[in-house]
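Undergrad:
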Amino acid sequence: MAKVKISVGRIVLHVDLYATPTAQAVLAAAPFESRVTLWPGEIYFQAPLRAGREDDAREVVEPGEIAFRPEGEVIIIGYGPTPCSEAEEIRFASRANVWGRSGDDLTRLAALEGGELVRVEPVVEVEPA
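Residue numbers for the sequence shown follow UniProt numbering, so the first one is 1 and each next one is one higher.
1) Which value, in whole angstroms, describes the spacing of the CA atoms of Pro21 and Leu109?
2) Closest to Gly72 by C-alpha separation, out of Gly52, Arg91, Ile66, would be which residue?
3) State yes or no: is the C-beta of Gly41 within less than 8 Å of the C-beta of Gly78?
4) Return the CA-CA distance between Ile90 and Trp99, expressed in angstroms with no decimal places.
5) Confirm, please, whether the CB-CB distance from His14 to Asp104 is below 8 Å.
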């Protein structure tokens, strides 16, 4: 399974990629850097990739899922309820392509400050000898 690492501030997220065109586009674009923007319950940042909206794009994601919004070409990481949410769900302002999942604690993202450097890089797994 392909993976990427997203580092922002002191936080490192390990992301398992789904088998989607957007996941392949993220992997092909990595490594890249951007600056983080904050919105209540999520962070997002520009990504140097183009991907159309996938048929299964959605507004509501499960905790740990990572998405890409074609409008604005941004990667979105939700960690809690947003102003668009109903109850405790993680709901984005518009449908986004869900391309990966992290098992790391995303609630740590709430401590970030806007403008922090974010780096996305591929994880190369070494086969045991």
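Just so it is clear, CB atoms sit at the ideal spot from N, CA and C, and this is done for glycine as well. No experiment lies behind these values; they were computed from the predicted model shown.
TA: This is what the structure holds:
1) As a position in the sequence shown, residue 21 is number 21, starting the count at 1. As a position in the sequence shown, residue 109 is number 109, starting the count at 1. Taking the straight line from one Cα to the other gives about 26 Å.
2) Within the sequence shown, residue 72 is the residue found at index 72, counting from 1. Looking at the Cα atoms, Gly52 is the closest of the given residues.
3) Start at 1 with the first residue of the sequence shown, and residue 41 comes out as number 41. Start at 1 with the first residue of the sequence shown, and residue 78 comes out as number 78. The answer is yes: Cβ separation under 8 Å.
4) Taking the sequence shown and counting its residues from 1, the one referred to as residue 90 is at position 90. Taking the sequence shown and counting its residues from 1, the one referred to as residue 99 is at position 99. In a straight line, the C-alpha of Ile90 is about 16 Å away from that of Trp99.
5) In the sequence shown, residue 104 corresponds to position 104, counting from 1. In the sequence shown, residue 14 corresponds to position 14, counting from 1. Yes, Cβ-Cβ distance for Asp104 and His14 is below 8 Å.
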